[in-house]
Each structure stands twice: as C-alpha cells, then as structure tokens.
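Counting in the working numbering, the final residue of the sequence shown is number 1581, and the numbers go up one at a time with none missing.
Even for Gly, the Cβ is constructed at its ideal location relative to N, Cα and C.
Computed from a prediction, not measured in an experiment: that's the story for all the values here.
Working notes, beginning with the structure itself.
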Amino acid sequence: MKTITLSLLLILSSGSMLTAQSNNIEITRKNSTAFNRDAVFENGIVHLNANANDGILWINNLDFKNGTIELDIKGKNAQGQSFVGMAFHGIDNQMYDVVYFRPFNFKNPERKMHAIQYVSLPKHDWSTLRHAFPGKYENQMQPVPENEEDWFHTKIEVQHPHIKVYVNGSNSPALEIDLISETKHGKVGLWVGNGSEGWFRNLKIEQ
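Here is the structure:
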C-alpha cells in the first residue's frame, strides 16, 4: 500500500496523477481547486467559509479508489448550519459520494441519530435516503466528543461498495454501509454543506 500523509501537507504532483514518488507540497491554491467556497490555508489548517449551497476543496491530481481517508474536522454547534465532511469518488462538482457530520446533533438526545450521514449526490441526498431508508445511512457519533465545537478525528475505510466510518480512535465503526453509487474511483475533497463553514487538518490517505 502507498501512503499519502497531509498535515495538510499533501503528497501531490503538480502535473500528473498522484504516485508514491510524488513530492511533499504544502496545500495551496496551486494544488487544490475550490468550488463555491473561499479557502484559507494557515498553520496546517484549511478553513472553508460559509456560503449558500454545498462547497468543496478538491485535491488536484489525486484519484482515489479503495483505501483509507483520515483527517481532523471541526464544525460549529449551530443547528442546521454546520455540515462538514469528506467527498470522494468525485466525477465533477455535482456528482460524488460524501460522508459528513452534523456537530449540532452530536449530543442532542432527540437528534443524535442524525450525527453522521452518507449521501451520494446528486440523486441521493439526505432527505431522499432518510425517507426511503430510515436510519440506514446515518447514525450517532461513537464516541461522542466532549464539545460539539471541538476537533474530532475520523477514519473512512473504503472497499467498494463497503465503507466503515470510525470516530476518535474507536475500534468500532460509527457507520457501516454499502455505497449506493457504482462509481469506483474519482476525486477527493474537503466538503461543507449549505450555509456551512468548516476547518480541516491532518489529512492522511492510504490506498
């Protein structure tokens, strides 16, 4: 297996697809592409601002198939205004899979089962999946962070079509599902939902 480690220092090639021989390059506007967001890079942290509709910071020249995506994420305790996660198997700015988190639901007893969400856009958004498959593509945080606005660590294991999502070093997956999309490889990006901003650091990709 080849390992790509980012603090967000990305092992990227500026002119070709990512390989084991790529150089370490600090993520900048030159090696990432923002869609519907402004990105700020400072001290190893990437911040994506809030805006209407979803936004992504795609990592250039990285094609992800199967493997593991790990990173630290931070959102806000603002109901309906904090959706933060990771897009993968991206085809374009509208077609991709996402695992994302709703920090405002982490500790809420009535909404905690909606803390982690998988969607396959554009056809299978959260409302479509919740209506058709209640409770199948979302779950609670396990373990629950002490504070909704703390950094938390997630690991997403992908072996198409199966994925497991782990939180904060737990040995038990907080979410385990089969992907809806038949797309088996594609782009990877930091993702924020409608009206949301987010912070990201320490990205590690293994495939």
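Secondary structure of residue i, DSSP reduced to three states
{"i": "W1500", "result": "helix"}
{"i": "N1427", "result": "coil"}
{"i": "H1559", "result": "coil"}
{"i": "E1527", "result": "A quick correction: the sequence has His, not Glu, at residue 1527. Three-state result, H1527: strand."}
{"i": "N1397", "result": "Confidence in N1397 is poor, its pLDDT being 32 and thus under 50, which makes the residue's placement too unreliable to answer from."}
{"i": "A1506", "result": "helix"}
{"i": "F1475", "result": "strand"}
{"i": "G1459", "result": "strand"}
{"i": "T1402", "result": "coil"}
{"i": "G1543", "result": "coil"}
{"i": "E1522", "result": "coil"}
{"i": "E1580", "result": "strand"}
{"i": "F1480", "result": "coil"}
DSSP bridge partner residues for residue i (one or two, in chain order)
{"i": "N1513", "result": "I1490"}
{"i": "F1574", "result": "V1420 and I1447"}
{"i": "G1464", "result": "K1561"}
{"i": "A1611", "result": "Any question about residue 1611 goes unanswered here, given that the chain covers just 1375 to 1581."}
{"i": "L1495", "result": "Y1470"}
{"i": "L1553", "result": "DSSP lists no partner for L1553."}
{"i": "G1454", "result": "Note: G1454 sits in no beta bridge, so no partner."}
{"i": "Q1533", "result": "H1536"}
{"i": "A1548", "result": "None, per the DSSP bridge assignment."}
{"i": "G1441", "result": "V1532"}
Same chain, Cβ closer than 7 Å to residue i, neighbours up to 5 away in sequence not counted
{"i": "Q1395", "result": "The predicted model places Q1395 with a pLDDT of 30, which falls under 50 and marks its position as unreliable; any figure quoted below should be read in that light. Excluding sequence neighbours, Q1395 sits near nothing in its chain."}
{"i": "T1407", "result": "W1432 and N1434"}
{"i": "Q1455", "result": "G1569 and S1570"}
{"i": "P1547", "result": "K1538, V1539 and Y1540"}
6 Å CB neighbourhood of residue i in its chain, flanking five on each side removed
{"i": "A1489", "result": "R1476, N1479, F1480, Q1514 and M1515"}
{"i": "Q1584", "result": "Absent from the structure is residue 1584, since the part of the chain shown begins at 1375 and ends at 1581."}
{"i": "N1542", "result": "P1517, F1526 and H1527"}
{"i": "F1462", "result": "F1438, D1471 and V1562"}
Inter-residue CB distance, residue i and residue j (contact presumed, cutoff 8 Å)
{"i": "H1536", "j": "K1439", "result": "Going by Cβ atoms, the distance from H1536 to K1439 rounds to 13 Å, so no, they are not a contact pair."}
Residue i beta carbon near the ligand FMN (any heavy atom closer than 8 Å)
{"i": "E1512", "result": "Only the bare structure without any ligand can be found here, which leaves the ligand FMN out of the picture."}
Contacts around residue i, its chain only, beta-carbon distance under 8 Å, and the 5 residues preceding and following it disregarded
{"i": "S1544", "result": "Q1516 and P1517"}
{"i": "K1411", "result": "In the sequence on display, residue 1411 carries Arg and not Lys. Cβ neighbours of R1411 beyond the five flanking positions: L1422, N1423, N1425, G1429, I1430, L1431 and V1566."}
Meets three-Cβ-pair contact criterion under 8 Å: the region 1422 to 1431 and the region 1564 to 1574: Verdict: yes, contact present.
Touching by the beta-carbon criterion (3+ pairs, under 8 Å), the region 1546 to 1558 and the region 1415 to 1428: Counting C-beta pairs closer than 8 Å gives fewer than three between the region 1546 to 1558 and the region 1415 to 1428, which falls short of the contact rule.
Sufficient close CB pairs (3 or more, under 8 Å) joining the region 1448 to 1463 to the region 1524 to 1536: Counting Cβ pairs under 8 Å, three or more are found: they touch.
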